[in-house]
Amino acid sequence: MKIDESEFIIVLAPMAGITNGEFCKKMALLGFDMVTLGGYNVDDHTIEAGRKILARGRPEFDIKKENIILEIERQAEIIKNSTNAMVSVNLRSVSPDPIIEISKLKGIDVVEINAHCRQPELTEIGCGQALLSNLDKLKYLLDEVVKKSKSKVSVKIRANIPGNDDLKISRIIQDGGADYLHVDAMKPGFEMADYQLIRSIKGTTDIFLIGNNSIRNIETAREMLDAGSNAISIARATMGGNIPFDLSLI
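Residues in the sequence shown are numbered consecutively from 4, following the numbering used here.
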């Protein structure tokens, strides 16, 4: 499926330990235009971090490094064999090389750099949202992936982290050549997304903007689009394997 960037799209956001091929296929058949596999840990450092996360009871994919390429390709094939949805894969890595390699796999339309995860085991090794406070590393990672990727490139960020400049980060991602900026517009202390931040990002960048956070019904989906997002992404509302509202009505 090719995205018409003049129209909004609906994206299934990644959820570690949940969004595998079968889950993504089911969501694609319910109306998602793009589905996201992962997030996957794809190098030695992040795989070890993932095992520590699993050991304290959080869901996580646990795949050996030597198996990860074939596993992601297999999961993408499950989706592509049954749907027309675009397939994105959310990746955690301290090096660009595994992300570049995965971008070349059959069935992968988008590789998404994870600058979002806040699990301490990952942030302590400079991955996930730690990239947002190490902009030189973020620039390097993005530059290498954009230059060498065979698919489109997305970056998922977490907003409103104290000390971070979300508008500066968004411009860096745009200027670095990413095709998509996926923003978890979390608003600490509120059960709603930070729509004003989405408006501000849209006002200062031209990048294709995917808005995420607290989309649980038609009204919140429309609010995210009205704030300026080119797309909405939904995660928690799908955790039961369904969607509690009709996507076609958005």
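Glycine included, every Cβ here is placed at the ideal spot set by N, Cα and C.
Keep in mind that this is a model prediction, so the values were computed, not measured.
#### Entry: Backbone CA spacing between A240 and R219 [nearest angstrom]
Each residue's Cα considered, the two are about 6 Å apart.
### Query
What is the DSSP secondary structure of E69, counted as helix, strand or coil?
When secondary structure is reduced to three states using DSSP, E69 falls in the helix class.
### Task
Express the C-alpha separation of L125 and P62 in angstroms, rounding to a whole number.
Using only the alpha carbons, I get a separation of about 14 Å.
### Message
So, for K67: in the same chain, excluding its five sequence neighbours on each side, which residues have a beta-carbon less than 8 Å away from its beta-carbon?
### Response
Excluding the 5 residues flanking it on each side, K67 has same chain C-beta neighbours closer than 8 Å at I50, in chain order.
### Task
Using the Cα positions of E69 and I75, report the straight-line distance between them to the nearest angstrom.
12 Å
### Query
Can I128 be considered in contact with the ligand GDP, in the sense that its beta carbon sits closer than 6 Å to one or more heavy atoms?
Ligands in the displayed structure: none, and consequently the ligand GDP is not present.
### Task
Look at the alpha carbon of L200 and the alpha carbon of V45, and state the distance between them as a whole number of angstroms.
31 Å
#### Entry: Cα-Cα separation between L73 and A230, rounded to whole angstroms
39 Å
### Query
Skipping 5 residues on each side, what residues in its chain have a beta carbon closer than 7 Å to that of A16?
T39, N215, S236, I237 and A238.
### Message
Within 8 Å, do at least three Cβ pairs link the segment 156 to 171 to the segment 127 to 141?
### Response
Short answer: they touch.
### Query
R95 and Y143 look like a contact to me (Cβ under 8 Å); what is the Cβ gap, rounded to whole Å?
Their Cβ separation, rounded to whole angstroms, is 16 Å, which puts R95 and Y143 out of contact at 8 Å.
### Task
Report, in whole angstroms, the separation of the C-beta atoms of I213 and S152, which I expect to be a contact under 8 Å.
Not a contact, Cβ separation roughly 18 Å.
### Query
Along the chain, where does the beta strand (DSSP E) that runs through A118 open and close?
V113 to A118
### Query
Is the distance from the Cβ of A79 to the Cβ of G34 below 7 Å?
no
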